[in-house]
Every structure is written in C-alpha cells, then in structure tokens.
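Enquirer: Residue numbers (my numbering), protein chains in the order written: chain A, 11 to 398; chain B, 1202 to 1450.
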Amino acid sequence: MTSHTQFGLANPFDTPERKAFRETIQNFVATEIRPYAHEWDEAGQVPWELHEKLGALGVFGFGIDEKYGGLGFEDPFMRSDYAVTMAMCGAGGVAAALGARSISTDPIQKLASEDIKLRVLPEILSGRKGGSLGITEPGGGSDVAALTTTARQEGEEWVLNGSKTFITGGMESDYFVIAARTGGPGLTGISLFFVEADAPGFTRTPLAKKMGWWASNQATLYFDECRVPAGNLMGQKDYGFLQIVNNFNYERLGLVGCALGMMKVCLEDSIEWAQERHTFGKPLIKHQVIRHKIADMSAKIDAVQSNLWIMCAQIDAGNMPVAEICKAKFAATKALEFCASEAMQILGGAGYLRGNRIENVYREVKVIAIGGGSEEIMKDLAMRQMGL
Amino acid sequence: MKVLVPVKRVLDYNVKARVKPDQSGVDLSNVKMSMNPFDEIAVEEAVRLQEAGTATETIVVSIGPAKAQETIRTGLAMGMDRGVHVQTDEDLEPLAIAKILKAVAEAEGADLIVMGKQAIDNDYGATGGMLAALLGWPIGSAANSIALDGGALSVVKEVDGGLQTVKLQMPALVTADLRLNEPRYASLPNIMKAKRKPIDAKTPADFGVDTTPRLKTLKVTEPAAREAGIKVEDAAALVDKLKNEAGVI
Ligand SMILES: Cc1cc2nc3c(=O)[nH]c(=O)nc-3n(C[C@H](O)[C@H](O)[C@H](O)COP(=O)(O)OP(=O)(O)OC[C@H]3O[C@@H](n4cnc5c(N)ncnc54)[C@H](O)[C@@H]3O)c2cc1C
Chain A
11 MTSHTQFGLA NPFDTPERKA FRETIQNFVA TEIRPYAHEW DEAGQVPWEL
61 HEKLGALGVF GFGIDEKYGG LGFEDPFMRS DYAVTMAMCG AGGVAAALGA
111 RSISTDPIQK LASEDIKLRV LPEILSGRKG GSLGITEPGG GSDVAALTTT
161 ARQEGEEWVL NGSKTFITGG MESDYFVIAA RTGGPGLTGI SLFFVEADAP
211 GFTRTPLAKK MGWWASNQAT LYFDECRVPA GNLMGQKDYG FLQIVNNFNY
261 ERLGLVGCAL GMMKVCLEDS IEWAQERHTF GKPLIKHQVI RHKIADMSAK
311 IDAVQSNLWI MCAQIDAGNM PVAEICKAKF AATKALEFCA SEAMQILGGA
361 GYLRGNRIEN VYREVKVIAI GGGSEEIMKD LAMRQMGL
Chain B
1202 MKVLVPVKRV LDYNVKARVK PDQSGVDLSN VKMSMNPFDE IAVEEAVRLQ
1252 EAGTATETIV VSIGPAKAQE TIRTGLAMGM DRGVHVQTDE DLEPLAIAKI
1302 LKAVAEAEGA DLIVMGKQAI DNDYGATGGM LAALLGWPIG SAANSIALDG
1352 GALSVVKEVD GGLQTVKLQM PALVTADLRL NEPRYASLPN IMKAKRKPID
1402 AKTPADFGVD TTPRLKTLKV TEPAAREAGI KVEDAAALVD KLKNEAGVI
C-alpha cells in the first residue's frame, strides 16, 4: 500500500504514453516481482519465465528496429522510468538479471551481420534468450585499452584466446559480444565478435559469492582456441570497440536511473518506518535529527531526478550529453551512498536484517558505483570530455 | 458481434484512501488513479473475444472528467478498438450512469456488454443490474467464465455453495468477477498504438439524460481504527473469550 499523497517533482516532459508505460511497469513490478524478489535473490536466480513476460511488454526493444523485434523508436524517458522502477523491486540483482541483455543488443544491432541480427535479436528482445557483453578481463576492467584477449583469422574463421570476467548473465546467455585484440596495442586494435555459447573452445564458470546482485549471475568466460565464423566479426576490424563507445551512454544513463530508484527506496522505506516506529514517546519522524535525514535524502533525490530529466530531454532532442552523463553517474552514486547509509540508520537494527529493501540497497551501492564505469573513471572521462 | 465495455476511473487499489477534512468524501487530489480492477477484467474478456474472432468490434466507454480519457486509453492499450468518452465533472450516481450507458449501447448497436461487477470506490455494485433492466437484456452477474454457444451466452457464476451456469439470449450483459480472467499488462507497442485509436467525445446532454442526483451524502468517515488483538493460551481460553467477552457463541 503506498501512502496517500504523492510528493516529488513532476516531469515537465511527461506524455500520456510515458505515464501509461511507467504505470504499467509499476504495476508489473508490484504484482509480478516485488512479492518474490527477496526469495529469488536468496535463491540466486530469477525464473526464466520472467524474462519472457517482461520481453512481451517491449521493455528490451528501445532503439532497436521493428524488423529485429524492437520497438522501432527510442525514448530515454521511458528507459529511465523502467530503470528507476525496476531498481525499486526489492532486489537489484533481479533487475540486473533481466536487463543485462540490453548492453549486448545495441552493439549487435549496430555492428552484427544482417543474418545474425535477424536471427538473434528477436530471441533476445522477447526474453527467450539472454545476451551479454564481455569487455572486462581478470587483468582489469577500467583500462579497456590494455585488454589481452586475442583473435586471429584462420581461413573462414576467427580464433579467440583469453578470458573475460564479471560478465553479467554470462552463465545463462546464449549470445555474447566479446571484445578481443586483433591489432596493435591501445583502443585501436580491439575488435568485437559475436560468440555463441556452443562455439567450440568456449567454456564458462560462475563467479564466487558476491556482496550483492545475488539474483543475477556473473561469469568468467574462457576462450581456448575458440572458433567462430568469419562473419561473426562485428563492425570494422580493429575499430569495433571505438564504434560502440557511444552505446555506453545509455548503460550509464540506465545506472543513473537505477541509483535514483534505489534512493527512492531509501526515502520510501525510511518514511514508512519513521512514521510507525516510536522512540522516547513519539514517532521517529517527529525527532528533528530524523526529519533532517529524510529532508536531505529527499533533496538529493530531487537533484538527481531533475538532472536525469534534463539529460533525457537533451538526448530526445538528438544531442547526447556525454560529459554530463559521466558526471551524473558519479553524482548519483555518491548521493545513493548517502541515502543508503541514512536509511539504514533510520531503520536501525531492523534495517540490518535480510529481506528488507534497505539492507539490499546498502549492499548494492558499490556495484552501481563501480560497474559500467567506476566513479574514478567517470570523473576522468568527464574532465576529458570537457576538454581538460 | 459488438462488445461494449464501460470503465471507471477510481482511486488506485494500492493507495490508502483518506477522507477529506470536511467529511464530504474521499480526497482525490494528487493521488494515483487507475482503471477499476473489475473493469480491467471486463476489458480483458472483450479483447479475448476479439482475439478468438467472436467479437468484431470492441468499444470502451467511460463517463467522467477529462482525465477519464486516460482510463479509456488504458483500455485501448490493452487492445480495445476505440473509445467513447462522455465527459462530465459531476459525480454521477449508478442510475444516471446506467441511463447514459443504455443510450451509448443503443447508439453503438452493442450486442454484448461486459462490465465490472462493482467499482472499488463506492462499491455500489448497482450499475450492471440497472443497465440490464433499462435495456431489457438478460444479465449474467459476477461471472466466473463465459462462453458463446450458438446465439446464446452461457455464464458460469459463483453462488453460495457452488457454481451456477445460466444461459442468456443475446443481446446480453455480463458483470465480471475477479476470477473471470487475469488481465494482461499493456505492452509498450500497444500503448503507442492506443495513441492513434479514436475516442468519441460526448456529454450526458448528447443523450438527453437527466443526471440530477437522487442521493445525498451526509458524511464520509474513516473506518474505526482496529484495536490490537491478543494471543490466548489455548483453545479453552479462546472458547471462554468468545462466549463470555465477545458473546458470539
Ligand atoms: C556485479 C558486476 C557486474 C559486472 N558486469 C559486467 C559485464 O556484464 N560486462 C563487463 O564487461 N564488465 C562487467 N563488470 C565489470 C566492471 O565493468 C568493472 O568492474 C569495472 O569496469 C572496473 O574494473 P575493475 O573491476 O577491473 O577495476 P580496475 O580497473 O582494476 O580498477 C580498480 C580501482 O581503481 C580505480 N582506477 C582504475 N584506473 C584508475 C585511474 N587511472 N585513476 C584513478 N583510479 C583508477 C577504479 O576506479 C577502481 O576503483 C561488472 C562488475 C560487477 C562488479
């Protein structure tokens, strides 16, 4: 049951369709996910059926052509509302398990052969199959230019050697986009390959226990003379990675939305608890210290939310704010860190118990602050984007 | 077969209702409103009839303020063909609603009306029965399942102690119970398509219906707060309390 009054800013760019989509996803999450999220998180898996139910709603198809099973249009606001709402479902790992495919589908549409696109995109977007993007290696994630997985051409095939790690969805995905070195050192020299899970020489193992995102799996992928057809080279040889750097903007925008959703969880659950819980003769929410914590959280939410809307409006107008997205990502994760900590204080011991959303959010702050470009790397990239 | 589904915009079932300070009604300012859940079931049933090739056209109608259009769009996004919006800012009573719906059904030449058995705001549960009576149509109320066979509609409904099947001659009216089906979520492509589906704009005056209220709300109050319960030691203590304190056995 949600509280009676809805406070918070109203999106000046809202449309009836955005509202209808947002409310549909909210209803879906409230009915189909929230009641089970904790259970799935503890079990380390979401039922595959859920991928298909969500896929049927069209949520994985933004920016993808209709002939590949996509929506045929882009809407950064809807993407963000989806990210925010999913992040409020009670377990971030559930959202990660379902959404991981999105970082693979944009590169596939952009660079894969027509055959591959027609065959696999409808499968991934409908939720029948999973897709993953593999960039990070055991040797490092931030310094992509230093990656060491290699690919060499042999007749009608490419032969991959090396390994990838932290690959979200990697244990269940059938389709992978893998970055491998085909040329000299540096960012030029890195190509992308479409690799299927049944390719000879491909194996995978799950990552050990993690701090959070339990409902999603992360895999280490091994390529041992792994052979794929020549047509699986995606885009231009040696330039594949550079060709998809723009796709990370949407991933980061999604992570800003995710951080915002988690902050909203902190606010919602703090208010609910502070109204119920009595200490020293009055409800917690009547104590000034607690009121200030809630006011601070609420103000940070407004700031992240406003920033997100303005960025979405700019993207909608055809102008990707690359530096601002980097800044928004670390600003959001810092604000999230604050909210998670304050919410945990407000809930006290109850917040420390598994099975409540605050405990989950608190454990999952860092994956948002590190994954998809860490805070440090985002600051550096923002400075470079600003020409400094 | 033309199917008409009336829908009502109500306080979202997930929102805690709050009474206005002057006790004149429930405070609806700034709260989430949605389609009445029973009406969603009615919409789903109509869309299924169309998908099965039984219905040739599905029309969703709502009587209410400008915002009721949103509720109609929800029905269109679930798959209904087109909408009729009878715009009024008055809070109409079931009889006035039934009269307007009768006029809409006649104007549209509807063969079947599927509607919620009640709206979760007022819980009157009256409109369906009144509408069937005004039209002179048979009614299958609180339907659990419906099936068309020949020119008749068989409706299974829940009654005390079991299920009852009634056979209705068409045209007919069915009110939906919770178990009739599980309504779908509108997919994003269908939400976008709904934007282009037509909605006819009407007013109660277009149908010459007198909407003068016949009921007067004296006051609306919060239900009494529930007292915390107690735990009893054993069955004997429970029986004792029920007998001597609650006086119910
Ligand atoms: C749960 C989870 C899911 C993930 N999913 C995927 C996935 O699906 N696909 C994928 O490819 N990767 C994935 N990753 C990997 C993620 O992208 C990397 O963890 C991230 O890019 C950082 O790389 P790293 O962990 O190797 O840290 P490193 O690159 O080793 O960096 C370690 C620390 O040093 C900092 N640092 C690095 N360089 C500098 C510098 N120049 N100046 C200052 N500080 C610096 C970093 O910010 C970081 O804090 C996932 C990670 C996690 C935790």
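All C-beta atoms, glycine included, are put in the ideal place defined by N, C-alpha and C. Values in this document were obtained by computation on a predicted structure and should not be read as measured data.
Which residues of the stretch 1255 to 1289 of chain B have a Cβ closer than 7 Å to any Cβ of chain A? Give them in chain order.
Expert: E1271, R1274, T1275, A1278
Enquirer: Taking any Cβ of chain A, which residues in the stretch 1202 to 1218 of chain B have a Cβ under 7 Å from it, in chain order?
Expert: Flagged, chain order: N1215, V1216, K1217.
Enquirer: Does DSSP put I1340 (chain B) in a helix, in a strand, or in coil?
Expert: Position 139 of the second sequence, counting from 1, holds the residue named residue 1340 (chain B). Strand, per DSSP.
Enquirer: G172 (chain A) bridges to which residues according to DSSP?
Expert: One-based indexing of the first sequence puts residue 172 (chain A) at position 162. Answer is A:F233, bridged to G172 (chain A).
Enquirer: Can you tell which of B:L1277, B:A1327, B:A1253 has its C-alpha closest to the C-alpha of K1398 (chain B)?
Expert: As a first step, residue 1398 (chain B) must be located in the second sequence, where it is residue number 197. A check of alpha carbon separations from K1398 (chain B) across B:L1277, B:A1327, B:A1253 identifies B:L1277 as the nearest.
Enquirer: Does ligand 1 have even one heavy atom less than 7 Å from the beta-carbon of T146 (chain A)?
Expert: For the purposes of this step, residue 146 (chain A) is identified with residue 136 of the first sequence, where counting begins at 1. Yes - ligand 1 has a heavy atom lying nearer than 7 Å to the Cβ of T146 (chain A).
Enquirer: Is any non-hydrogen atom of ligand 1 found closer than 7 Å to the C-beta of G150 (chain A), if you look at the structure I gave you?
Expert: If you number the first sequence from 1, residue 150 (chain A) lands on position 140. Indeed, a heavy atom of ligand 1 lies less than 7 Å from the Cβ.
Enquirer: Reducing DSSP to helix, strand and coil, say where M11 (chain A) ends up.
Expert: Translated into positions along the first sequence, residue 11 (chain A) becomes position 1. Note that M11 (chain A) scores 48 on pLDDT, short of 50, meaning its location in the model is unreliable and no value can be drawn from it.
Enquirer: Please state if the CB of C236 (chain A) and the CB of V314 (chain A) are separated by a distance shorter than 8 Å.
Expert: By one-based count along the first sequence, residue 314 (chain A) stands at place 304. By one-based count along the first sequence, residue 236 (chain A) stands at place 226. For V314 (chain A) and C236 (chain A), no; Cβs fall outside 8 Å.
Enquirer: If you measure from the beta carbon of M11 (chain A) to each beta carbon in chain B, is any gap under 8 Å?
Expert: Counted from its first residue, the first sequence places residue 11 (chain A) at position 1. Residue confidence is low: M11 (chain A) scores 48 on pLDDT, short of 50, so the model does not pin down where it sits. Its coordinate-derived value is still stated next. Yes, its Cβ sits closer than 8 Å to a Cβ of chain B.
Enquirer: Below 9 Å between beta carbons is the criterion; list the residues of the stretch 208 to 241 of chain A that meet it against any residue of chain B, in chain order.
Expert: none
Enquirer: For the alpha helix (DSSP H) containing T25 (chain A), list its first residue and its last residue.
Expert: Sequence index remark: in the first sequence, residue 25 (chain A) carries index 15 (1-based). That residue, T25 (chain A), is in no alpha helix (DSSP H); it is neither H nor E in DSSP.
Enquirer: Just reading off the alpha helix (DSSP H) that D1411 (chain B) is part of, what are its end residues?
Expert: Position 210 of the second sequence, counted from the first residue, corresponds to residue 1411 (chain B). That residue, D1411 (chain B), is in no alpha helix (DSSP H); it is neither H nor E in DSSP.
Enquirer: Is the CB-CB distance between A1343 (chain B) and D1378 (chain B) below 8 Å?
Expert: As a working note, residue 1343 (chain B) is residue 142 in the second sequence. As a working note, residue 1378 (chain B) is residue 177 in the second sequence. The Cβ-Cβ distance between A1343 (chain B) and D1378 (chain B) falls below 8 Å.
Enquirer: Does ligand 1 have a heavy atom nearer than 7 Å to the CB of I387 (chain A)?
Expert: Taking the first sequence and counting its residues from 1, the one referred to as residue 387 (chain A) is at position 377. Checking every heavy atom of ligand 1 against the Cβ of I387 (chain A), one is found closer than 7 Å.
Enquirer: Could you tell me which of A:N259, A:G194, A:G71 sits nearest to M88 (chain A), measuring between CA atoms?
Expert: On the first sequence, position 78 is the one that residue 88 (chain A) refers to. Cα-wise, what sits closest to M88 (chain A) is A:G71.
Enquirer: Candidates A:L143, A:Y232, A:L121, A:F203: which alpha carbon is nearest R214 (chain A)'s?
Expert: Walking along the first sequence from the start, residue 214 (chain A) turns up at place 204. Looking at the Cα atoms, A:Y232 is the closest of the given residues.
Enquirer: Which runs of the beta strand (DSSP E) spanning at least 3 residues fall entirely within the stretch 1208 to 1233 of chain B, listed in chain order?
Expert: Entirely contained in the stretch 1208 to 1233 of chain B, the beta strand (DSSP E) runs reaching 3 residues are, in chain order, 1210 to 1212.
Enquirer: With 8 Å as the threshold, decide whether the Cβ of E386 (chain A) is near any Cβ in chain B.
Expert: Within the first sequence, the letter at position 376 stands for residue 386 (chain A). With 8 Å as the cut-off, E386 (chain A) does not count as an interface residue toward chain B.
Enquirer: What does the alpha-carbon distance come out to for the pair F258 (chain A) and G54 (chain A)?
Expert: Against the first sequence, residue 258 (chain A) aligns to sequence position 248. Against the first sequence, residue 54 (chain A) aligns to sequence position 44. Answer to the nearest angstrom: the Cα atoms are 27 Å apart.
Enquirer: Measuring only the C-alpha atoms, how far is T1412 (chain B) from I1340 (chain B)?
Expert: Position 211 of the second sequence holds residue 1412 (chain B). Position 139 of the second sequence holds residue 1340 (chain B). Approximately 24 Å, taken between the alpha carbons.
Enquirer: Would you be able to state if there are at least three C-beta pairs under 8 Å between the stretch 64 to 78 of chain A and the stretch 99 to 118 of chain A?
Expert: Contact holds: three or more Cβ-Cβ distances are below 8 Å.
Enquirer: So with CB distances below 7 Å, who are the chain B contacts of L67 (chain A)?
Expert: Within the first sequence, numbered from 1, the residue matching residue 67 (chain A) stands at position 57. Among the residues of chain B, those whose CB is under 7 Å from the CB of L67 (chain A) are Y1386, S1388, L1389, following chain order.
Enquirer: So, at 8 Å on beta carbons, what are the nonlocal neighbours of K1233 (chain B) in its own chain, with the 5 sequence-adjacent residues on each side left out?
Expert: Counted from its first residue, the second sequence places residue 1233 (chain B) at position 32. Same-chain partners within the cutoff: L1212, D1213, N1215, V1216.
Enquirer: What separation, rounded to the nearest whole angstrom, lies between the Cα atoms of A333 (chain A) and L263 (chain A)?
Expert: On the first sequence, residue 333 (chain A) is found 323 positions in, with the first residue counted as 1. On the first sequence, residue 263 (chain A) is found 253 positions in, with the first residue counted as 1. Cα to Cα, A333 (chain A) sits roughly 12 Å from L263 (chain A).
Enquirer: Taking Cβ positions only, does K1221 (chain B) come closer than 8 Å to chain A?
Expert: For the purposes of this step, residue 1221 (chain B) is taken as residue 20 along the second sequence, with counting starting at 1. So no, K1221 (chain B) is outside the interface.
Enquirer: So that I know if they touch, is there some Cβ in chain A lying closer than 8 Å to that of M1331 (chain B)?
Expert: For the purposes of this step, residue 1331 (chain B) is identified with residue 130 of the second sequence, where counting begins at 1. Cβ-Cβ to chain A under 8 Å: no for M1331 (chain B).
Enquirer: Answer with yes or no whether the minimum CB distance from F186 (chain A) to chain B is below 8 Å.
Expert: Numbered from 1 along the first sequence, position 176 holds the residue referred to as residue 186 (chain A). No, because no Cβ of chain B sits closer than 8 Å to the Cβ of F186 (chain A).
Enquirer: Measure the C-alpha to C-alpha separation of A97 (chain A) and A1425 (chain B) and round it to an integer number of angstroms.
Expert: For this step, residue 97 (chain A) is matched to residue 87 along the first sequence. For this step, residue 1425 (chain B) is matched to residue 224 along the second sequence. So the alpha carbons of these two residues sit roughly 36 Å apart.
Enquirer: In or out: D125 (chain A) buried (at least 16 other Cβ within 10 Å) or exposed?
Expert: Position 115 of the first sequence, counting from 1, holds the residue named residue 125 (chain A). Counting every other CB atom within 10 Å of its CB across the protein chains shown gives D125 (chain A) a total below 16, marking it as exposed.
Enquirer: Based on Cα-Cα distance, which residue from B:V1261, B:G1284, B:A1247, B:L1293 lies nearest to K1417 (chain B)?
Expert: As a first step, residue 1417 (chain B) must be located in the second sequence, where it is residue number 216. The shortest Cα separation from K1417 (chain B) among B:V1261, B:G1284, B:A1247, B:L1293 belongs to B:L1293.
Enquirer: Distance, Cα to Cα, T1422 (chain B) vs V1220 (chain B)?
Expert: Counted from its first residue, the second sequence places residue 1422 (chain B) at position 221. Counted from its first residue, the second sequence places residue 1220 (chain B) at position 19. Near 6 Å, if we compare the C-alpha coordinates of V1220 (chain B) and T1422 (chain B).
Enquirer: Can you name the residues of chain A whose CB is closer than 8 Å to the CB of I1392 (chain B)?
Expert: In the second sequence, counting from the first residue as 1, residue 1392 (chain B) sits at position 191. Simply E27, A30, F31, T34.
Enquirer: So is the beta-carbon of L143 (chain A) under 7 Å away from any non-hydrogen atom of ligand 1?
Expert: Within the first sequence, the letter at position 133 stands for residue 143 (chain A). Within the cutoff, so yes.
Enquirer: Between K139 (chain A) and D184 (chain A), is the Cβ-Cβ spacing less than 8 Å?
Expert: Stepping through the first sequence from its first residue, residue 139 (chain A) is reached at position 129. Stepping through the first sequence from its first residue, residue 184 (chain A) is reached at position 174. Pairing K139 (chain A) with D184 (chain A) gives a Cβ-Cβ distance under 8 Å.
Enquirer: If we cut at 8 Å on Cβ distances, does K1403 (chain B) have a partner in chain A?
Expert: Taking the second sequence and counting its residues from 1, one reaches residue 1403 (chain B) at position 202. No, its Cβ sits nowhere closer than 8 Å to a Cβ of chain A.
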